[in-house]
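Line order of the protein sequences matches chains U and Z.
Residue numbers for the first sequence follow my numbering, so the first one is 1290 and each next one is one higher.
Residue numbers for the second sequence follow my numbering, so the first one is 1290 and each next one is one higher.
In this text, a Cβ means the ideal position worked out from N, Cα and C, and glycines have one as well.
Everything numeric in this text was worked out from a predicted model, so none of it was measured.
One structure is given below, encoded as structure tokens.
Number of protein chains: 2
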Amino acid sequence: MKIEPLVTQSLAKQISEQLREAIMSGELKADDRLPTEEELASRYQVSRPTIREALKRLAAQNLIRSRRGPAGGTFVNRPTLEEASQSLTSSATLLASMDQFSLSEIADARHEMEAICCRLAAQQPDPVQLAEMAKELAIQQQESLSDEEFCASDVRFHRALVDMSRNAMLQFLMYGVIEAMQPVANMVVYRFRDRQDVIEAHKALYQAIEQQDSLAAGVALDRLMVYLKARFEAAQQWKAEQGQSSAGQN
Amino acid sequence: MKIEPLVTQSLAKQISEQLREAIMSGELKADDRLPTEEELASRYQVSRPTIREALKRLAAQNLIRSRRGPAGGTFVNRPTLEEASQSLTSSATLLASMDQFSLSEIADARHEMEAICCRLAAQQPDPVQLAEMAKELAIQQQESLSDEEFCASDVRFHRALVDMSRNAMLQFLMYGVIEAMQPVANMVVYRFRDRQDVIEAHKALYQAIEQQDSLAAGVALDRLMVYLKARFEAAQQWKAEQGQSSAGQN
DNA sequence: ATTCCTCTATTTGTCAAACAAATAGATATT
DNA sequence: AATATCTATTTGTTTGACAAATAGAGGAAT
């Protein structure tokens, strides 16, 4: 006689799993409207709060959205690369904050992966993204730029580079990885001299890709990444020391 | 006069965001116990169902777990690489199912990224993972193996390779990417001859890494990946045709 | 004294019924 | 014809209650 483990999971969890399957399998397509909460409740033979908990689980994963009113209801979301990347970022940030991996590992992974993008980009650079990079390069040279704005432009510059890889999966991953480094990047104080160094590296990167010179692009990226990694580590150490001393003061 | 958009978000969403912040910032550490639902309700001045909805959102993201009874309650989860990779997989699968990117893009991304892992692994191969790879290699040569078991062993083989990169961030990403390809991989029917080809490539890969020959490892991986990609595309096309004809029959 | 059982208090899981708030569409008014 | 109002529908939130699991305390039997 085989004893089955019964279903001891909460009803809400089971229902949300079922709906999730339906969405993933394509049974429920983007922008499809789900039955009303009341109808779902009667169909699953549970109460409305239980249905609501199930729907909230899905909403937390950005799989559905809800609107009130007639013609309102619950609809299947079309996931965007952007949102998916953000959830990847938050996973990575969480893992990092729980010491599952270090920031230097993130930096190394980014370095390696961006090198791929560099190579792919240099193979057939796209004028649109090239123009984007040039634009950000110009922005970065404005001396009045705040540190936040400089970082934001830096992110856009690298995203344009990633876009040129013409591979959406790589984009999805890289957006997430780049984003995951922002908290540290924003901690770095860019003095005038530092910005100049970064901009020079960006320029070299831009020109190499424009000229379809993957080798030079790789070299320029290496230079930039090694430089950034050193800055990150310094910033992180500084932060650790601050934490130490302030902890000591308490 | 500036009109602020007020807070039109649902209470549950706001609360879950606040708790999420607390977890991410480290204010709430792993295995910490949250206040009871009732206490949270009174603290936030909302009803218990609202609190529950907020908690369910977090539960859906694997950030918390709940147990009934005294000494029960809601606890902060320690996220694992494994779980995070699974959520990455499901994001990727979802995006793919919604045509945000194609399976060939996933395959290409995996190819490029696994090449990185190969290079890193060959730099300083780890005996433990090498033994793991050898073990899986032996398993794959059993002729009685079912297709599913062959695929599962294939996954473990590649994961061992990825582990040798000694970079947890790359592991996290690669586990997800490899997993994202499984639905297609499982569709492929491996005839005897095909398995032999795959095993040969695995052998070459294993030996190259063992001998710290990154170049040879790269070549072996290229061979394997090109081969697999061709098989995947064939399987995918076959599936599309099946869908077409069965759709016509209905 | 030790082991086992039962009982109890605590906490999450589920339900029911109701009202609030938003909103699209119909209807009435100017 | 344009605008304002009403109404029906649907999600958002509250209250109150009971069910189910479970850790720990206390008692009974060996």
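What residue from the options has the CA that sits closest to residue i's CA?
i	options	result
residue 1299 (chain U)	U:1530, U:1340, U:1327	U:1340
residue 1413 (chain Z)	Z:1526, Z:1431, Z:1456	Z:1456
residue 1424 (chain U)	U:1407, U:1437, U:1442, U:1329	U:1442
residue 1421 (chain Z)	Z:1436, Z:1451, Z:1434	Z:1451
residue 1528 (chain Z)	Z:1496, Z:1362, Z:1473	Z:1473
residue 1495 (chain Z)	Z:1475, Z:1453, Z:1480	Z:1453
residue 1368 (chain U)	Z:1368, Z:1380, Z:1372	Z:1380
residue 1356 (chain Z)	Z:1526, Z:1324, Z:1386	Z:1324
residue 1426 (chain U)	U:1359, U:1447, U:1501, U:1481	U:1447
residue 1501 (chain Z)	Z:1438, Z:1416, Z:1359, Z:1372	Z:1416
Measuring only the C-alpha atoms, how far is residue i from residue j?
i	j	result
residue 1483 (chain U)	residue 1510 (chain U)	16 Å
residue 1291 (chain Z)	residue 1382 (chain Z)	Confidence at residue 1291 (chain Z) is low in this model, with a pLDDT of 48, below 50, so its placement is unreliable and the value that follows should be read with caution. Rounded to the nearest angstrom, the two C-alpha atoms are 43 Å apart.
residue 1336 (chain Z)	residue 1411 (chain U)	57 Å
residue 1313 (chain U)	residue 1344 (chain U)	15 Å
residue 1493 (chain Z)	residue 1361 (chain U)	58 Å
residue 1376 (chain Z)	residue 1440 (chain Z)	21 Å
residue 1350 (chain Z)	residue 1316 (chain U)	23 Å
residue 1433 (chain Z)	residue 1384 (chain Z)	36 Å
residue 1318 (chain Z)	residue 1388 (chain U)	12 Å
residue 1334 (chain U)	residue 1444 (chain Z)	40 Å
residue 1338 (chain U)	residue 1366 (chain U)	22 Å
residue 1479 (chain U)	residue 1486 (chain U)	10 Å
residue 1283 (chain U)	residue 1512 (chain Z)	Lying outside 1290 to 1539, the shown extent of chain U, residue 1283 (chain U) is not represented and no answer is given.
With DSSP collapsed to three states, give me the class of residue i.
i	result
residue 1378 (chain U)	helix
residue 1508 (chain U)	helix
residue 1355 (chain U)	strand
residue 1339 (chain U)	helix
residue 1465 (chain Z)	helix
residue 1473 (chain U)	helix
residue 1365 (chain Z)	strand
residue 1322 (chain Z)	strand
residue 1422 (chain Z)	helix
residue 1329 (chain Z)	helix
residue 1429 (chain U)	helix
residue 1314 (chain U)	coil
residue 1411 (chain U)	helix
residue 1305 (chain U)	helix
residue 1390 (chain U)	coil
residue 1360 (chain Z)	coil
residue 1299 (chain U)	coil
residue 1441 (chain Z)	helix
residue 1350 (chain Z)	coil
residue 1434 (chain Z)	coil
residue 1516 (chain Z)	helix
residue 1567 (chain Z)	In the structure as shown, chain Z begins at 1290 and stops at 1539. Residue 1567 (chain Z) is therefore absent and cannot be evaluated.
residue 1503 (chain Z)	helix
residue 1526 (chain U)	helix
residue 1604 (chain U)	Past the edges of chain U, shown from 1290 to 1539, lies residue 1604 (chain U), and the structure says nothing about it.
residue 1417 (chain Z)	helix
By Cβ distance, which residues of its chain are closer than 8 Å to residue i, with the 5 residues on each side in sequence left out?
i	result
residue 1402 (chain U)	1459, 1462, 1463, 1466
residue 1330 (chain Z)	1336, 1337, 1339, 1340
residue 1435 (chain Z)	none
residue 1354 (chain U)	1348, 1363, 1364, 1366
residue 1326 (chain Z)	1337, 1340, 1341, 1344, 1363
Take residue i and list the residues in its own chain whose beta-carbon comes closer than 7 Å to its own, dropping the five residues that flank it on each side.
i	result
residue 1477 (chain Z)	1520, 1521, 1524
residue 1470 (chain Z)	1395, 1396, 1399
residue 1404 (chain Z)	1507, 1510
residue 1515 (chain U)	none
residue 1526 (chain U)	none
Report, in whole angstroms, the separation of the C-beta atoms of residue i and residue j, which I expect to be a contact under 8 Å.
i	j	result
residue 1488 (chain Z)	residue 1430 (chain Z)	6 Å
residue 1364 (chain U)	residue 1320 (chain U)	6 Å
residue 1301 (chain Z)	residue 1332 (chain Z)	Not quite, the Cβ-Cβ distance comes to about 15 Å (not below 8 Å), so this is no contact.
residue 1374 (chain Z)	residue 1468 (chain Z)	6 Å
residue 1342 (chain U)	residue 1342 (chain Z)	6 Å
residue 1370 (chain U)	residue 1309 (chain U)	Actually they are not in contact, since the Cβ atoms of residue 1370 (chain U) and residue 1309 (chain U) sit about 20 Å apart, beyond 8 Å.
residue 1305 (chain U)	residue 1408 (chain U)	Their Cβ separation, rounded to whole angstroms, is 42 Å, which puts residue 1305 (chain U) and residue 1408 (chain U) out of contact at 8 Å.
Near residue i, what residues of its chain come up, given a Cβ to Cβ distance below 6 Å and the 5 sequence neighbours on each side ignored?
i	result
residue 1498 (chain Z)	1410, 1411, 1414, 1506
residue 1322 (chain Z)	1362, 1364
residue 1475 (chain U)	1440
residue 1378 (chain Z)	1465, 1468, 1469
residue 1372 (chain Z)	1351
residue 1517 (chain Z)	none
residue 1428 (chain U)	1442
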